[in-house]
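Scroll down for the structure; my scribbles are underneath it.
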Amino acid sequence: MATVLEEVSGRPGGSNPSTEIETVRYDDAIVRLFVMATLIWGLVGMLVGLVLAVQLAWWPANGLGEYFTYGRLRPLHTNAVVFAFAGNAVFAAVYYSSQRLLKARMFSDVMSKFHFWGWQGIIVAAAITLPMGYTQTKEYAELEWPIDIVTTLVWVVFAVNFFLTLRNRREKHLYVALWFYIASIITVAVLHIVNNLVIPTGLFTSFSMYAGVHDAMIQWWYGHNAVAFLLTTPFLGLMYYFLPKAADRPVFSYRLSILHFWSIVFIYIWAGPHHLHYTSLPEWASTVGMVFSIMLWMPSWGGMINGLFTLRGAWHKLRDEPVLKFFVVGITFYGMATFEGPMMSIKTVNALSHYTDWTVAHVHAGALGWNGFMTFGMIYWLIPRLWKTKLWSTRLANTHFWLGTIGILLYIIAMYSAGITQGLMWRAFDETGRLMYPDFMETVVAIMPMYWVRVLGGSLYFFSATLCGVNLFMTARSAPKDLSDPVVQVARPAWRDRQVMASTVNYDEALFGLQDKLKHGWHRLLEGWPAVFSVLVLVAISVGSIVEIVPMLLVRNNVPTIATVMPYSPLELEGRDIYIKEGCVSCHTQMIRPLRSEIERYGEYSKAGEGIYDRPHLWGSKRTGPDLARLGGKYPHLWHVRHMEDPRSTSPSSIMPSYPWLLTKSLDLGSTQKKLEVMMMLGVPYTIDQADQAIDLAQAQALEIAREIAEQGGPEGLEDKEIVALIAYMQRLGIDIKREQPRGARR
Amino acid sequence: MRKDIMEHAGLAIYAEIALIIFVAVFVMIILRAILMRREHSQFLSRMPLEDGLTVEQDEVSP
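For the record, the sequence lines run as chains A and B. Under numbering that gives the first Met the number 0, think of the first position of the first sequence as 0, with each following residue one higher. Under numbering that gives the first Met the number 0, think of the first position of the second sequence as 0, with each following residue one higher.
So this is what it looks like as structure tokens:
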């Protein structure tokens, strides 16, 4: 252990422990590192987002090669902003505020450094593997299993370092910000492990332990709570610490903060299924998700009001204090996003908003407004304190604020407009009862101007964030050479000595001691008891998870099986993995909702029983292109070849990237047998013969498809190319339930 | 087999128990927050503003 606490203490008070003074050095070097990482990765993540925005508005921007298409870059953007930008910001907040609230240095400098460099290593690994196409496809959980294991290790080190600092604290009571940190650390660990349970099929490939509707349920339990416990609770901790500091007055209502905390922890965990309304998720689960989402309205707004009212009597400071400006707008966006979220979870609203850019607007109001502005507010407050000099330019910080705010507004207004326009067009019927816009492309062309407005808004936000980078860089340049750790003197806490003495008391004294402890009530006792407190948080989040998820996994009625639905052929399985690798799921859903307009447009609605061999599920969450659940048999093979080579040749105004390499890259069947074997292990009814002959079966099917393509007048010799596997998979989509008998002779 | 057992185990009661625990704990927390003594909540709310007494580096023993 490198260093624990540097204590230089005198004992002037002799036997009276309360007069002892201890000296504590806070570790601010680690906070500086996290602040710099926040800004660097934030700029990278935003830049990738900007590239994506341009690719959507102007498809030729996808032409940088196979590693830089929209499908490959989209998870890079989300992972970068969620885990690299917001993640590092959270760690900066936790390391700075926890040491001061606990009046103790972080338990171990080595662990802090391991956490920092480990986390940056994970980000670099993500930046390399995601464009290469190594992905689990589940949103915000795309990273493959080796990186997941490293993430677990780094998170455990962080948790141990944090909890041992709690043990070493000199302040008995845990301030509410620390509760939010505790809840975040515990819940993220649970979510990460449960949602990433996979069986590897190779170094960077795997199949999910769950299939179809189960996989979707677990994924959105995770996805929603990643938003809750990485982008909400730690940022609320940040708010409860840094806002009072910046405003120089205590939080408006501490009581409200207690209610805010427990409500969030209890309720958030139930809300995940609202991401799956009208899907083949059982109705009861979706309704539970909706009800709890609406319940979230209250605590979220309680928290927002608590934040804004903290500024009572300090509003004049906003005029020249950029930190407070960022905080006030950030908290306002928290209120907006947490009003909108419950509203979107109401099924009838969701029927319109889901799969459209409305969702994109919603998350960016949260990410740019709440997470972004709270982070920038914190950074501007921290810079002069961490680098021990004046901020280089307050004016530049104010410019950042205004440009950033205009950027957010342009972004979200454009996306609201695009989302609602497209949602209404998808469901519009003419007077004869037919779809008014049967061609999906019409609904894409209509929103293109809005995509350009988003590029403008995103550019402004990105540019404004670079100003923060300049400000930090220039301030750090003029900082004193010797940035030593700040040193404070605190009274040695009397309660620690009492703990030491506790072992010597007899039965009566122990009882009196307990009575004394309970004098101030059980919650106060709890606050001084972090281990028990943490367990209670774990119980609170587990109740919701278990009640919702376990019956889903166990009750057979939830997934009625369909006799004609059969496992994928080896070639189709390979094609599915190419679909996953190229990130097709970023823009195409495979989930037709039982709404009249969708059945009219795409065909019979999707059933839970259709996905029992889908590991992972590929339902998707956004329709930039049309749904593909019933694509099988809709077009001849040649159409798919032409469409993949150049989408404009079959759909003139398509914005889809071209995938010419699918026609030239050789199909790798090296792990096909292994894939079938893993599927068998997971309960998919392949025979041992099928697994043994997997390559032969795949090649035979590929040959047949290639022959048909040639017969239809297409290029020859495609039988060993990736395209045939992808076509095999796409032609299989949604056709099993149309059969009267299960497909007989399996390939 | 496993699913048959689980279906006939009468698990519905667990959800109801969970709901009751949820509401009961919630009521306790609300009562606790409402009944909290003003001085105590004021003490707690001032915690971020009191970081300890900052001292100069050279005041500390070398």
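The beta-carbon is built from N, C-alpha and C at its ideal position, and this holds for glycine as well.
| Asked | Found |
| --- | --- |
| DSSP puts A:Y354 in a beta bridge; with which residues? | A:K621 |
| Taking 9 Å as the CB-CB cut-off, is B:V24 touching chain A? | yes |
| Starting from A:T22, trace the beta strand (DSSP E) in both directions and tell me its first and last residue. | I20 to R24 |
| Quick check for students: name the residue ranges of the beta strand (DSSP E) that lie wholly in the region 188-266 of chain A, counting only runs of 3 or more. | 197-201 and 204-207 |
| Closer than 8 Å between beta carbons: that is the criterion. Which residues of the region 88-110 of chain A meet it against chain B? | S96, R99, L100 and K102 |
| A:L163: which of A:L152, A:F106 and A:T77 sits nearest, CA to CA? | A:F106 |
| With 9 Å set as the bound, which would you pick, yes or no: does the beta-carbon of B:I63 sit closer than that to a beta-carbon of chain A? | One cannot answer for residue 63 of chain B here, as it falls past the ends of chain B, which runs 0 to 61. |
| Once you ignore the five residues that flank A:P485 on each side, which residues in its own chain have a CB closer than 8 Å to its CB? | R24, Y25 and D27 |
| Which of helix, strand or coil does DSSP assign to A:L725? | helix |
| How long is the line joining the alpha carbons of A:S17 and A:P492, rounded to whole angstroms? | Reliability fails at A:S17, whose pLDDT of 48 lies under 50, so the model's placement of it is uncertain and the value that follows must be treated cautiously. Taking the straight line joining both Cα atoms gives about 6 Å. |
| Strictly below 7 Å CB to CB, what residues from chain B border A:V250? | S44 |
| Around the Cβ of B:P61, are there at least 16 other Cβ atoms within 10 angstroms (buried) or fewer (exposed)? | Residue confidence is low: B:P61 scores 38 on pLDDT, short of 50, so the model does not pin down where it sits. Its coordinate-derived value is still stated next. Classification of B:P61: exposed, given that the 10 Å Cβ count is below 16. |
| Assuming A:T671 and A:I687 form a contact by the criterion Cβ under 8 Å, report the distance between their Cβ atoms to the nearest whole angstrom. | Not really, about 15 Å apart at Cβ, beyond 8 Å. |
| Which residues mark the beginning and the end of the beta strand (DSSP E) in which A:P80 is found? | Just to set this straight, residue 80 of chain A is Val in the shown sequence, not Pro. It is not in any beta strand (DSSP E) - A:V80 carries neither H nor E in the DSSP assignment. |
| At least one CB of chain A closer than 9 Å to the CB of B:I12: is that the case? | no |
| Under 7 Å Cβ to Cβ from A:E6, same chain only, skipping five residues before and after it: list those, please. | Any reading at A:E6 needs caution, since the residue's pLDDT is 40, under 50, leaving its predicted position unreliable; the model's value is listed next. Once the five neighbours on either side are set aside, the close Cβ partners of A:E6 are E21 and T22. |
| What does DSSP give as the partner residues of A:S665 in its beta bridges? | A:K720 |
| Quick one: does A:E320 have its CB under 9 Å from some CB of chain B? | no |
| Check this for me: beta carbons of A:I181 and A:N224, under 9 Å apart or not? | no |
| Please identify the residue among A:V683, A:G376 and A:S463 whose C-alpha is closest to the C-alpha of A:G406. | A:S463 |
| Could you spell out the range, first to last residue, of the alpha helix (DSSP H) harbouring B:Q41? | R37 to S44 |
| With a CB to CB cut of under 6 Å and the five nearest residues on each side skipped, what residues in its chain are close to A:S477? | T388 |
| Quick one, which of A:Y578, A:G365, A:H172 and A:I412 has its alpha-carbon nearest A:M643's? | A:Y578 |
| Can you give me the Cβ contacts of A:L732 inside the same chain, cut-off strictly under 8 Å, excluding the 5 residues immediately before and after it? | Q589, L627, A628, R629, L630 and G631 |
| Tell me, which residues are paired with A:L434 by DSSP? | A:F428 |
| Helix, strand or coil for A:K171? Go by DSSP, reduced to three states. | coil |
| Under the three-state reduction of DSSP, which class applies to A:L280: helix, strand or coil? | coil |
| What in chain B is Cβ-close to A:K244, meaning under 8 Å? | P47 and L48 |
| Which runs of the alpha helix (DSSP H), 4 residues or longer, sit entirely within the region 46-79 of chain A? | 69-78 |
| Give the range of the alpha helix (DSSP H) segment to which A:A366 is assigned. | Note, A:A366: premise wrong, no alpha helix (DSSP H); not H, not E. |
| Answer with yes or no whether the minimum CB distance from A:R254 to chain B is below 9 Å. | yes |
| Taking the alpha carbon of A:D576 as the reference point, which residue from A:N305, A:F308, A:M729 and A:G368 has its own alpha carbon closest? | A:M729 |
| Give the straight-line distance between the Cα atoms of A:I708 and A:G201, rounded to the nearest whole angstrom. | 31 Å |
| Does the region 228-247 of chain A come into contact with the region 148-155 of chain A, if we say contact requires no fewer than three beta-carbon pairs (one atom in each stretch) closer than 8 Å? | no |
| Would you say A:H213 lies against chain B (beta-carbon separation less than 9 Å)? | no |
| Quick check: the Cα distance between A:E573 and A:A705, rounded to an integer number of angstroms? | 16 Å |
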